[in-house]
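Numbering-wise (the working numbering), the sequence shown opens with residue 46 and increments by one. C-beta atoms are modelled at their ideal positions from N, C-alpha and C, and glycine is treated no differently. These figures come from a predicted structure and were not determined experimentally. Let me begin by presenting the structure, written as structure tokens, before commenting on it.
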Amino acid sequence: MTARQYDVVIVGGGPGGTSTALSLLNTDPDLKVALLEKTSFEKKRVGEILKPAAQSLLEHLGVWQEFLEEQYPPAGYIRKIWGRESAPNNTVLPPTEDHQGWDIDRRAFDNLLFELANQKGVHTFANHELMECEKSANDAWHLKAQGPNQESFNFEASFLVDATGQSPFIAPKQGAHRVRFDRLVGVFVIFKNDAQVQDSSVMAETNPHGWWYSILLPDDLTLAAFMTDNDLVGDLELIKSKKWWDLLRQTQFTYPRVKSCTPISDFCMRIADSYLLDHVQGDGWVSVGDASARLDPLSGHGMCWAMQSGIYASDAIINRLRGNASDLSTYQQHMEREYQNYLLERMQVYSFETRWAENPFWQRRHKTERMDPQLKSFLSNGRRNLEETQNFNFFHGFQDKLAV
Ligand SMILES: Cc1cc2nc3c(=O)[nH]c(=O)nc-3n(C[C@H](O)[C@H](O)[C@H](O)COP(=O)(O)OP(=O)(O)OC[C@H]3O[C@@H](n4cnc5c(N)ncnc54)[C@H](O)[C@@H]3O)c2cc1C
Numbered sequence: 046m047t048a049r050q051y052d053v054v055i056v057g058g059g060p061g062g063t064s065t066a067l068s069l070l071n072t073d074p075d076l077k078v079a080l081l082e083k084t085s086f087e088k089k090r091v092g093e094i095l096k097p098a099a100q101s102l103l104e105h106l107g108v109w110q111e112f113l114e115e116q117y118p119p120a121g122y123i124r125k126i127w128g129r130e131s132a133p134n135n136t137v138l139p140p141t142e143d144h145q146g147w148d149i150d151r152r153a154f155d156n157l158l159f160e161l162a163n164q165k166g167v168h169t170f171a172n173h174e175l176m177e178c179e180k181s182a183n184d185a186w187h188l189k190a191q192g193p194n195q196e197s198f199n200f201e202a203s204f205l206v207d208a209t210g211q212s213p214f215i216a217p218k219q220g221a222h223r224v225r226f227d228r229l230v231g232v233f234v235i236f237k238n239d240a241q242v243q244d245s246s247v248m249a250e251t252n253p254h255g256w257w258y259s260i261l262l263p264d265d266l267t268l269a270a271f272m273t274d275n276d277l278v279g280d281l282e283l284i285k286s287k288k289w290w291d292l293l294r295q296t297q298f299t300y301p302r303v304k305s306c307t308p309i310s311d312f313c314m315r316i317a318d319s320y321l322l323d324h325v326q327g328d329g330w331v332s333v334g335d336a337s338a339r340l341d342p343l344s345g346h347g348m349c350w351a352m353q354s355g356i357y358a359s360d361a362i363i364n365r366l367r368g369n370a371s372d373l374s375t376y377q378q379h380m381e382r383e384y385q386n387y388l389l390e391r392m393q394v395y396s397f398e399t400r401w402a403e404n405p406f407w408q409r410r411h412k413t414e415r416m417d418p419q420l421k422s423f424l425s426n427g428r429r430n431l432e433e434t435q436n437f438n439f440f441h442g443f444q445d446k447l448a449v
């Protein structure tokens with residue numbers, strides 16, 4: 046079977062993959078780019094809040110007007126119940142007045158970017174799952190994908206982009222490993238709302254062993270998740286439903302939100318750890334978005350991270366195709382620097398909660414002196430003075446609201 050020939054094949058049609066595709070074509074309309082996506086965006090996707098930082102990224106990608114035409118509602122406020130010793134009762138922060146972004150339908154948003162990439166000249170293949178990839182002696186990538194009726198399609202490319210999300214397909218095969226900075230997981234239950242639910246905020250409420258996350262979902266549902274470390278799930282016996290409910294009942298704000306709702310799911314656990322690949326690029330490939338690194342869900346910045354990394358990756362790819370090999374290492378340095386900034390901001394946000402500083406969950410997230418050696422050495426390369434810059438790009442809305 047003859048292979049379809051491309052300059053660049055991008056695998057994964059989430060925000061990371063589509064942004065890379067759009068950005069490549071914006072810079073060089075003559076490039077031949079294919080975008081493979083294993084689904085047809087039919088299933089529910091997580092992540093509903095698109096932060097304000099997305100505006101400049103969508104403008105850069107040339108799709109801002111099309112996004113506005115979708116008329117997504119503004120996101121509700123974010124309510125953080127993050128305490129201090131001086132405020133022994135949980136501190137309820139007033140609803141934030143500033144712009145919190147948009148409440149989007151992820152299936153529709155991802156599909157919109159995929160369609161727009163197609164309109165700009167990207168060859169899009171929905172329902173095509175990458176099954177195999179290997180590099181030949183002449184440095185070309187040979188890819189095998191499975192189509193909607195299990196038929197095989199072959200592709201050849203000079204450059205490959207891994208945008209396959211949190212279970213990356215390509216980077217591990219090229220020897221990349223995850224460097225994990227925590228072991229965060231969420232143990233959650235989904236509730237059917239009663240008629241009374243008015244509060245559309247995203248809520249984060251701390252606890253001695255982690256924090257509660259709750260959010261309204263489409264179709265009259267609410268999700269309540271206890272976010273803690275993987276090892277503490279066992280220590281707290283959280284998988285036993287009674288313990289989870291005991292902790293929920295101890296909350297001041299999360300429990301009242303769901304107590305008259307009906308639980309409709311079993312207990313589910315979802316990994317939400319922060320990681321960065323030890324290398325996000327290699328000979329003829331890069332990874333973008335969650336395939337390269339994941340952020341704490343508290344930041345709500347995952348889609349912006351994915352789009353931003355796609356834009357940076359596209360510059361590196363174009364320069365690489367034009368013969369400038371050093372641009373891939375520039376991309377590596379950029380991603381490391383951004384991730385260092387993220388970790389420093391994350392540390393500062395977690396350090397606003399001081400009441401349980403000796404408990405393992407909080408201790409692990411507080412000051413540098415207590416950090417594990419790996420994190421300390423990683424940050425020592427990129428440390429900057431956050432007190433001076435107050436540059437909360439990753440945790441928009443936290444700084445002024447929490448400094449009470
Ligand atoms: C519970 C939860 C809540 C979140 N809430 C938010 C939020 O409110 N705001 C926010 O900004 N972020 C949020 N995030 C993070 C956000 O969802 C991700 O960071 C974002 O989706 C990353 O985009 P991506 O394109 O890198 O990966 P994805 O969106 O995961 O896209 C990867 C794509 O690759 C495709 N794929 C995978 N393997 C293959 C293959 N072999 N062949 C072809 N295609 C393949 C998948 O089908 C998928 O479409 C949340 C995450 C979680 C877990």
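Would you identify the three-state DSSP class for W289, choosing helix, strand or coil?
helix
Distance between beta carbons of L81 and L175, contact taken as under 8 Å
6 Å
Just grab the DSSP bridge partners of I235 for me.
L268
Quick one: using the 10 Å Cβ neighbour count with 16 as the cut-off for buried, is D155 buried or exposed?
buried
The alpha helix (DSSP H) that contains N364, what's its start and end?
G347 to L366
Rounded distance between the beta-carbons of V56 and A171, thought under 8 Å
At roughly 13 Å, the Cβ-Cβ gap does not stay under 8 Å, so A171 and V56 are not in contact.
Can you grab the Cα-Cα spacing for the pair Y387 / F271, in whole Å?
Their Cα atoms are separated by approximately 22 Å.
Output yes or no for whether 8 Å exceeds the beta carbon distance between N275 and R228.
yes
Between G334 and G59, how many whole angstroms is the CB-CB distance? I'm expecting something under 8 Å.
6 Å
For W350, count the other beta carbons within 10 Å of its own beta carbon; 16 or more makes it buried, fewer makes it exposed. Which is it?
Label assigned to W350: buried.
Could you compute how far the alpha carbon of S131 sits from the alpha carbon of E398?
For S131, the predicted model reports a pLDDT of 49, less than 50, meaning its position is unreliable; a value from the coordinates is still stated below. Their backbone Cα atoms lie some 11 Å apart in a straight line.
Counting only the same chain and skipping the five closest in sequence on each side, list residues whose C-beta sits under 7 Å from that of F29.
The requested residue 29 does not occur in the structure, where the chain is confined to residues 46 to 449.
Inter-stretch contact at 8 Å, needing at least 3 Cβ pairs: the region 104-123 / the region 176-185
no
Other residues of its chain near F226: CB distance less than 7 Å, five sequence neighbours each side excluded
Taking F226 as the centre and dropping the five residues before and after it, the same chain places the C-beta of S319, Y320, L388 and L420 closer than 7 Å to its C-beta, in chain order.
Rounded to the nearest angstrom, what separates Q145 and P308 at their Cα positions?
28 Å
Figure out for me which residue from S332, S85 and K96 has the closest Cα to the Cα of Q219.
S332
Can you look up E201 in the DSSP assignment and give me helix, strand or coil?
Assigned with DSSP and collapsed to three states, E201 falls in strand.
Rounded separation between R391 and L343 - CA only
9 Å
Counted within 10 angstroms of its Cβ, other Cβ atoms place D291 as buried (16 or more) or exposed:
Exposure of D291 is indicated by the presence of fewer than 16 other C-beta atoms within 10 angstroms of its C-beta.
Going by CA-CA distance only, name the one from H187, A240 and S371 that's closest to S305.
Proximity to S305 across H187, A240 and S371 peaks at A240, based on C-alpha coordinates.
Could you pull out every residue in the same chain whose Cβ sits closer than 8 Å to the Cβ of V278, ignoring the five residues on either side in sequence?
V230, V232, I284 and M314
Given 7 Å as the limit, tell me if I94 has its C-beta closer than that to any heavy atom belonging to ligand 1.
yes
Strand pairing of S32, partner residues [DSSP]
Residue 32 is absent from the structure shown; the chain starts at 46 and stops at 449.
Looking at the structure shown, is A132 part of a helix, part of a strand, or coil, going by DSSP?
Residue confidence for A132 is low, a pLDDT of 48 falling below 50, so the modelled location carries little weight and cannot support an answer.
Straight-line Cα distance separating V234 from L261:
C-alpha separation (whole angstroms): 12 Å.
Would the beta-carbon of W330 fall within 8 Å of that of L205?
yes
Take R49 as the anchor and find which of I94, R124, W186 and R90 has the nearest alpha-carbon.
W186
Pull the bridge partners of R223 from the DSSP assignment, please.
Note: R223 sits in a beta bridge opposite L322.
Identity of the residue in T375, G347, D265 and I123 nearest A98 by Cα
Comparing C-alpha distances from A98 to each of T375, G347, D265 and I123 shows the shortest one belongs to G347.
How is the alpha helix (DSSP H) around F439 delimited, first residue to last?
Per DSSP, F439 belongs to no alpha helix (DSSP H) and is neither H nor E.
Could you round the C-beta distance between L69 and V91 to whole angstroms and report it? I think they count as a contact, below 8 Å.
Actually they are not in contact, since the Cβ atoms of L69 and V91 sit about 27 Å apart, beyond 8 Å.
Report the three-state DSSP secondary structure of D73 (helix, strand or coil).
coil
Alpha helix (DSSP H) runs contained entirely in the region 149-194, provided each spans 4 or more residues:
151-164
Using the C-alpha atoms, what's the distance from F439 back to H128?
It is worth fixing the name first, because residue 128 is Gly in this sequence and not His. Those two C-alpha atoms are separated by around 20 Å.
Determine the closest residue to Y476 out of H411, P253 and N194, with distance taken between C-alpha atoms.
Residue 476 lies beyond the range of the chain shown here (46 to 449); nothing can be said about it.
Classify E383 as buried or exposed, calling it buried when 16 or more other Cβ atoms lie within 10 Å of its own Cβ.
buried
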